[in-house]
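See structure below.
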Amino acid sequence: MSLKAFHSRIRQSIADDNLQLALDNNAQRRMEGRLSAFASVPDYQERRTLAHAIKADVVANLDEYLHQFITRVTENGIQVHRAEDSEEALRIFLEIARSHQAHLVAKSKSMVSEEINFNHALEAAGLRPVETDLGEYIVQLRGERPSHIITPAVHLRRGQVGQLFHEKLGIPYTEDIPTLTDTARRVLREIFLTADIGVSGVNFGVSETGTLCIVTNEGNGRMCTTLPPVHVALMGIERLVPSLDDLALFLSLLPRSATGQKLSVYTSLLHSPRRPGDIDGPLERHIILVDNGRSRLRSSPLSESLFCIRCGACLNVCPVFRETSGHAYLGRDGTLAPYPGPIGSVISPGLFGCENFGHLAQASSLCGACKEACPVDIDLPALLLRTRAGETPDRGQPGTGLPGPLKFGLHGFRLVAGTSGLFAAFQTLGGLISRIYSPRRTYMHLPAWTGWGYSKDFPRLAVRPFRGKWKNLKQEIDAKPLAALSTIPAQAIFPVVDKSLEDQFTEELTALGGRVTRLAEKDLPAKLADFLASRGLDRVVVDETGARVVSPELLVRQPDPDVHVGVTGVLVGIAETGSLVLVGGPGHPLTASLLPQVHIAILKASALVPSLAEALQRPEVREAAAAVIISGPSRTADIEMTLSIGVHGPGELHVFLIDDSDGV
Amino acid sequence: MPETVQLFVTCLIDSFFPNIGEAMVRVLNRAGVRVEFPSSQTCCGQPAFNAGLRRDARPLAEHTIRVFEKTTGAVIIPSGSCGAMVRHGYLELFKDEPAWLRRAEALAQRSYEFTEYLVDIRGVTDLGACWPGRLTYHPSCHLLRSLGVDRQPRTLLAAVKGAEVIDLPAADECCGFGGVFSVEHPELSAEFLKRKITNLETTGSPTLVVADTGCLMHIQGGLKRQGRNQRVVHIAEVLANI
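These protein sequence lines map, in sequence, to chains E and H. FYI, the numbering used here numbers position 350 of the first sequence as 350, with every residue one higher than the one before it. FYI, the numbering used here numbers position 135 of the second sequence as 135, with every residue one higher than the one before it.
Have a look at this one:
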């Protein structure tokens, strides 16, 4: 099969002004966001190097790490399934669904699910999968595949979404992004509350503790893994980190690289299904570990591609992606590669065959912006080159996708340049021919079919090449005396600023759109009552901490989707990111910080720690059935990269920060 | 005894832009370096290597290694991507053959890009060059990201008398050359080039300086096609101007 579809899709993309605007916007915003997020990490390069080394260790010793992970996860009460390929993964899922007579499946983002064609298979089996990430939901309604691994609807503009929601959801046409977001919230809230199964991907599995870590911004990931009676996680076997310390490192890289956030709004840390005494959480948790070609990729020269953490930074900086979007990465058979961009041009041929996808690696100028942006320092240009050379697990054809004449030309060039005599003769001949072809212009006008001539002229060869001038030049310079040298200036050093944890926390959370009120403990009940009264909130879901400070007549102790405010305690606050760590368990329903529109968190200043790594060291985090790290109100930027607050999770986050540091 | 270096002039400069080669020899000479030119050199093999045709790249890489093995002193390469080929590409090409890998490593260790050699090895920052008017610098991808060379050409340009060096917007974006890419994906290459030329326009500089001949012929070719007057010059040409 030919590459015609691929080339014509590229041309269509370039000619599509709407798409070009959307892609330029994406590239610009994501690039700026990433750079400013990493400004707060002075040791970024060291972290990258370390992350690379950790992933190298995981991939080299994958069997051991996987064994440890499976042992821990099983001990924690999660049911583990292993799937060799996509058919097996789907069969396992459908069996789980059948055993629960499930029909409605609420799904949060998972690239593995794209890879195994999950939605299609479920529909064929009579189930109803519903994507709940706003961007994924939009592309699902359009009957499309995502065009970006973290911003699935990056190819669309607001008018197109408005038209879609008008047609499919029956709302009046609007281009108002908050209205569109709110419509999705309303429709999907019903799905979360009635779904039989929640499905998610896994961003990181932690071998040492059996933790499933899932990051989302909208809150749909929390919904899918908390509300339905059964949660099924899909995970590629390579997505492991050894320990929670390593997880902290990777979490300092992933959101910054993906969306320019220090942390995503919700970082869920899941260990087990609902335990006795818990009032929320799924009754069953399953994890399906998917191989689907990864073991073969691992023992190939492309194994480094398994270090990928799916942040999408390489897509955002790639000048090819910027022209094409993910929808142009077509196989020879016309199917869309599940993974686009520079990383996709390696793993799509690596996992699904060089024959069908190998040519994608040729669509790169090898500029290296991808490697530079990669938080795990994956040498993508080197991997693209290996893919081009056919060093894929299935031993592809060298130069796959290269047009015949180019292949022939390069072969001929090798024969000519193999000996200097022949090379010099061809230089002279070329000089003469180009002089005849273009007697006056130093740059020749070549026809478009040559490729080069499509947009530029080509220089004439010199009649006398450098080697012909060397003798005279040497005589000239040998006659001159040689000179002496100067020195190199030193480089600047950055200053370090010191702030209190309270100040840092307040500053960070405020920047995320959260509100922080600092007060003495004795003033808390009155201030809280004032706040609730001022907003007319007369029913409040609470956890144990909330129950102690909210007046009893307002209390609701069971999860209730109709209550608009939740008041909870906080295990620890993280100053560097303005985050709250909440652990589930008896007396601590995680739904209290998820379902209401307003979340009020009570945090003691003495419970602040400087960094994520320190927060993850708390034993409560690893002992909980589920824990969540909250960094600001729920948000999305899935429509035209425009920030919208309050998607599925709370749209308001208020922290009452109690000053107890000097014994008040 | 003055330092003697070996010039790997690269096939593009040799065949298309011999003046750049001359300029480079004069500049090195002015920096107190004696230049040799092993005349049996041809091409480093990068075009075939980048296309994925390693069997076609290999004889040229072997040839280049043999040519420079017969010489001593640093090997100076006036093009970022050819420098990256010799420094990194050869190690990849021979990764499974220890004997050749050792020879490739020996060459990689004594190879330098032109401005890198001047600034980092010779410690030269001011060559007494003079260039009246505006200049702007395009950091070529392989030079910038594969060799990590950026401060060096900028330092050298900053010392050029009479030159007003203007920042090129989105300077680190690829110009769309990429070797076979520019021929194989003409539409994509054309879009990158368009952006580069638009950014060049905004600087108001009549001259764009590069340290890679691939980018030079690509951007200059685009400017010529569009009938524009800006000139793309190699940094050696600027530094040779006194």
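All residues carry an ideal CB built from backbone N, CA and C; glycine is no exception. All values derive from a computational prediction rather than experimental measurement.
- Across the region 132-160 of chain E, no CB contact with chain H closer than 9 Å is found for any residue.
- Your pair L532 (chain E) and A575 (chain E) does not check out as a contact, with CB atoms roughly 27 Å apart and the cut at 8 Å.
- I13 (chain H) has a beta carbon lying within less than 8 Å of a beta carbon in chain E.
- Residues of chain H with a Cβ closer than 7 Å to the Cβ of E323 (chain E) are, in chain order, L188, E191.
- By the Cβ rule, the region 205-222 of chain H counts as touching the region 132-141 of chain H, because three or more pairs are nearer than 8 Å.
- Put simply, the CB of P393 (chain E) is far from chain H, with every gap to its CB atoms at 8 Å or more.
- F68 (chain H) has a beta carbon lying at 8 Å or more from every beta carbon in chain E.
- Proximity of chain E to M85 (chain H) at the Cβ level (cut-off 9 Å) is not reached, the minimal Cβ distance being about 11 Å.
- Going by beta carbons, F8 (chain H) and I76 (chain H) fall inside the 8 Å limit.
- Of the other Cβ atoms in all chains shown, 16 or more fall within 10 Å of the Cβ of G162 (chain E); this residue is therefore buried.
- Any Cβ of chain E closer than 8 Å to the Cβ of V209 (chain H) would place that residue at the interface, and such an atom is absent.
- Unbroken alpha helix (DSSP H) stretches of 4 residues or longer found wholly inside the region 417-479 of chain E: 420-437, 466-478, given in chain order.
- Close CB contacts of H588 (chain E) within its chain, under the 6 Å cut and outside five residues either way in sequence, are with D543 (chain order).
- Boundaries of the alpha helix (DSSP H) around R9 (chain E): 4-15.
- At least one CB atom of chain H sits nearer than 8 Å to the CB of S364 (chain E).
- Following the DSSP letters along the chain, one finds L603 (chain E) inside the beta strand (DSSP E) bounded by residues 598-604.
- In the same chain as N203 (chain E), and ignoring 5 residues on each side of it, the C-beta atoms closer than 8 Å to its own belong to C213, I214, V215, R239, L254, I309, R310, in chain order.
- P650 (chain E) and S593 (chain E) have their C-alpha atoms roughly 7 Å apart.
- In terms of CA proximity to G227 (chain H), E:M444 leads the group E:S534, E:A462, E:M444, E:V187.
- Nearest C-alpha to V583 (chain E) among E:H166, E:G368, E:R274: E:R274.
- Taken in chain order, the complete alpha helix (DSSP H) segments of 4 or more residues contained in the region 92-154 of chain E are 111-115, 118-124, 134-141.
- The beta carbon of C215 (chain H) does not come within 8 Å of any beta carbon belonging to chain E, so the residue lies off that interface.
- Rounded to the nearest whole angstrom, the C-alpha separation of S40 (chain H) and D63 (chain E) is 51 Å.
- A83 (chain E): member of the beta strand (DSSP E) spanning 79-83, first to last residue.
- Here the region 131-150 of chain E does not lie against the region 229-239 of chain E, with fewer than 3 beta-carbon pairs under 8 Å apart.
- Exposure of Q101 (chain E) is indicated by the presence of fewer than 16 other C-beta atoms within 10 angstroms of its C-beta.
- The criterion of a C-beta distance shorter than 8 Å is satisfied by R635 (chain E) and V265 (chain E).
- For the region 483-567 of chain E, the full-length alpha helix (DSSP H) segments reaching 4 residues or more read 501-511, 524-534, 544-549 along the chain.
- By the neighbour-count definition (other C-beta atoms within 10 Å, threshold 16), N217 (chain E) is a buried residue.
- Among the residues of chain H, those whose CB is under 8 Å from the CB of K371 (chain E) are R145, following chain order.
- In the DSSP assignment, Q6 (chain H) falls within the unbroken beta strand (DSSP E) covering 3-7.
- Checking the DSSP bridge columns, you'll see I574 (chain E) partnered with E:S579, E:V609.
- Interface flag for C367 (chain E) against chain H is set, since a Cβ pair is found closer than 8 Å.
- Taking 8 Å as the cut-off between beta carbons, the residues of the region 162-190 of chain H near chain E are D172, E173, C174, G176, F177, G178, G179, V180, F181, S182, V183, E184, H185, P186, E187, L188, S189, A190, in sequence order.
- Scanning the region 158-239 of chain H for uninterrupted beta strand (DSSP E) segments of 3 residues or longer gives 161-166, 207-210, 231-234, listed from N- to C-terminal end.
- Proximity of chain E to A106 (chain H) at the Cβ level (cut-off 7 Å) is not reached, the minimal Cβ distance being about 21 Å.
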